[in-house]
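Asker: Everything in the sequence shown is counted per the numbering used here, starting at 444 for the first residue and increasing by one. No residue lacks a Cβ here, since even glycine has one placed at the ideal position from N, Cα and C. For clarity, every value in this text was computed on a predicted model and none was experimentally measured.
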Amino acid sequence: MTKTQNPNVVNGAPGIDYFTPEQQVPAGTFLESKDGKSEAPRVFQPLTIRGQTFQNRIWVSPMCQYSYQDGFINDWTLVQIGSYATRGASLSIIEASGVAPEGRISPNCAGIWKDEHIPGLKRIADFVHSQGQRLGIQLAHAGRKGSTTAPWTPDNYAHPGEEGGYQAVAPSAIKFADNFADPKELTKAEIEKLIDDFKQAAIRAVKAGVDVVEIHGAHGYLINEFLSSVSNTRTDEYGGSFENRIRFVSEIVKAVKSVLPEHVLLFIRISATDRLEHLNKGWNVKDSIELLKVLKGLGVDLVDVSSGGNSPEGKIEHVRGFHGPLAYEIKEAIPDLAVATVGAIHSPKTVDEILSHNIDAVLVGRPFLQNPSYVFELANKLNVKVQWPVQIGYTNKFPLPLEDDESLYINK
C-alpha cells in the first residue's frame, strides 16, 4: 500500500504482509506529566544501547508458557507477546527456547533448534515491529533441570520418558534434587556441539528478525551449572578453576556474537549468586562481577540480573525487588555495562527505587501475565500520560461515565 500524507487516510504499518495501522508514535512513549512537569520519570525516559533506542525502560521478562509441541511457538505466543507490544512494552523477550531438543525445561517448552522454527518466530517479530516495538528471544539449555513437567501438574518434576521425557545432561552427573532426573555428564565433544547449538540458534533468531538475543545463564540451567562448583566437579578444561568454569559460557558468547549483525543486541541473564553464602560455597556476586568483565569484553551489551536456582539449599528472601542489591553492586563495579534486573517488581515504588540506583531497565513478569496493559497501569499510577495504540487510544476522547452516574440508565 502506498503511503499517503493525507491525514484523513490511515497508512499501513511497514514491514508486514497485511494491513494494520501504522503507529507513528509507539505505545508506551511518554507524552506529558499530568501535573505539568516536563520531565518523564526514569522508567519512561528513552534508553539507547549501541544504537538501539527503547522508548521506555519497562520490559517483558521471558516467561515459560508450556504451550507448545516439538518446540513450535504458535498463536498463543502471538496473542501473548502481541498484547504486550500493543500496550506499550518497548521490549518483549520470548521465553527460554531450547537450542537442542533435550535443552527444553519441559517437553512443552519453546525451541529454536531447527530451521522449521524460524517462520513462527518471524511472524511474532513482524507483528511486534509493526507496533514500533522490539522483540528478543532467550536462548536456553535446561541441563540437569530438563525434562520436567509443567508447574501446574501435581508432581512438577521429572517427566516420564515414555510420555515425551528425555535424557537430562549436565557438566557433572549430579542431580539437582531427588525428584529430578539423573543427568548424564557431557563429554568434551558434546560440549563443543552445544556451543555450536547456541550459535546456530542465534543464526535462526536473526533470520526471524529479532532485535535482542539473550543467553540464559541463570536459575540452575546448563550454563549456570558449569559456573558453579556446586554442580561442576569436572577435572578437564571446563571444570575446577574459575577460568575453566567460565570457559563454557565464554565460548558460547563468542560463538553467538560472531553471527549477530551490528543492529542485534546481545544480553545475558545470570544468577548473580547461588544464594549459598550461609554455607560458604557456590557461585557469588564477586564471581559474577569478574565473569561480566570478561563477557563485556566479548561483546555482551547488557546483563539481566537474577539469582539462585542452582541448589535446593539456596536461601532467597522473596521481598519486593529482591535482586536489586545484586544489580546495584554489579553496576557500581562495571558502570559502563548496561544492567537490568528482574524479580518481584510490580509497584511504582519498586520500579523507581531500582532505577534510581542507575539501573538501566527493569524486566517484569507476573504483572504482565496478569495484566498485559501493565505499562498503562504504571503510567497512570505515576501520574503521566503515555501513547496508546491508535486503535485503542482514540476511545480516550469519549470517557466512560462514572459507575454511579445515573445517565447510564438510558432506558429508565
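1) Under three-state DSSP, which class holds Glu-849?
2) Specify whether the segment 474-481 and the segment 518-532 touch according to this definition: at least 3 beta carbon pairs, one from each stretch, less than 8 Å apart.
3) So, with DSSP's three-state summary, where would you put Gly-554?
4) Check for me: the beta strand (DSSP E) holding Ser-693 runs from which residue to which?
5) Nearest by alpha-carbon distance to Val-656: which of Asn-667, Asp-747, Pro-791 is it?
6) For Gln-576, which beta-bridge partners are listed by DSSP?
7) Looking at Gln-581: is its Cβ nearer than 7 Å to the Cβ of Ile-536?
8) Look at the Cβ atom of Val-829, then the Cβ atom of Gly-471, and state whether they are nearer than 7 Å.
9) So for Val-807, helix, strand or coil by DSSP?
10) In its own chain, which residues sit with a C-beta less than 7 Å from the C-beta of Glu-820, not counting the 5 before and 5 after it?
11) Using the DSSP secondary-structure output, state which residues sit across from Leu-490 in a beta bridge.
12) Is Pro-469 near the ligand GDP, with its Cβ less than 6 Å from a heavy atom?
13) Which term fits Pro-755, buried or exposed, when burial requires 16 or more other beta carbons within 10 angstroms of its beta carbon?
14) Would you report the Cα separation of Lys-864 and Val-503, rounded to the nearest angstrom?
15) Tell me Val-827's beta-bridge partners as DSSP assigns them.
16) For the alpha helix (DSSP H) containing Leu-734, name the first residue and the last one.
17) Among the residues of its own chain, which have a CB less than 8 Å from the CB of Val-696, if the five just before and after it don't count?
18) Helix or strand or just coil, what does DSSP make of Arg-763?
19) CB-CB under 7 Å to Asp-640, same chain, minus the five flanking residues each way: which ones, in chain order?
20) In three-state DSSP terms, what is Asn-854?
21) Where does the unbroken beta strand (DSSP E) through Asp-710 begin, and where does it stop?
22) To which residues of the same chain is Lys-700 closer than 7 Å at the C-beta, ignoring the five residues directly before and after it?
23) With H, G and I counted as helix, E and B as strand and the rest as coil, what does DSSP make of Gln-508?
24) What do you reckon, are the CB atoms on Arg-493 and Ala-804 nearer than 7 Å?
25) Quick one: residues in its chain with C-beta nearer than 8 Å to the C-beta of Asn-454, no 5 flanking neighbours on either side, listed in chain order?
26) Taking DSSP's pairing of strands, which residues face Phe-623 in a bridge?
27) Please report the distance separating the alpha-carbon of Val-707 from that of Asp-569.
28) State whether the segment 660-670 contacts the segment 590-597, with contact taken as three or more CB pairs (one from each stretch) at a distance under 8 Å.
29) May I ask you to report which of helix, strand or coil DSSP gives Asp-518?
30) Which same chain residues end up closer than 7 Å to Val-452 when comparing Cβ atoms and leaving out the 5 residues on each side of it in sequence?
31) Counting C-beta neighbours from all protein chains within 10 Å, is the total for Ser-816 16 or more, i.e. buried, or is it exposed?
32) Using a Cβ-Cβ cut-off of 7 Å (strictly less than) and excluding sequence neighbours within five positions of Ala-661, which residues of its own chain qualify?
Answerer: Once the coordinates are examined:
1) Summary for Glu-849: the model assigns pLDDT 49, below 50, so the residue's position carries little reliability; its value from the coordinates is reported in the next sentence. Looking at Glu-849 - three-state DSSP - the assignment turns out to be helix.
2) no
3) strand
4) Counting along the chain, Ser-693 falls outside any beta strand (DSSP E), though it belongs to the alpha helix (DSSP H) covering 690-700.
5) Asp-747
6) Note: Gln-576 sits in no beta bridge, so no partner.
7) yes
8) yes
9) strand
10) Asn-814
11) Phe-497
12) This structure simply doesn't include the ligand GDP, nor any ligand for that matter.
13) exposed
14) With the chain running from 444 to 855 in the structure shown, residue 864 is simply not present.
15) Ser-476
16) 728-740
17) Ile-658, Leu-709, Ile-711, Leu-738, Leu-741, Gly-742, Val-743
18) coil
19) Val-542, Ala-543, Trp-556
20) Residue placement at Asn-854 is flagged as unreliable, the pLDDT there being 37, under the threshold of 50; the coordinate-derived value follows with that caveat. Looking at Asn-854 - three-state DSSP - the assignment turns out to be coil, as it is neither helix nor strand.
21) Looking at the sequence shown, residue 710 is not Asp but Phe. Segment 708-714, the beta strand (DSSP E) holding Phe-710.
22) Leu-709, Leu-741, Gly-742
23) coil
24) no
25) Met-444, Lys-446, Thr-447, Pro-464, Glu-465
26) BP columns for Phe-623 are empty, so no partner.
27) 15 Å
28) no
29) helix
30) none
31) buried
32) Asn-667, Arg-712, Ile-713, Ser-714, Ser-749, Gly-752
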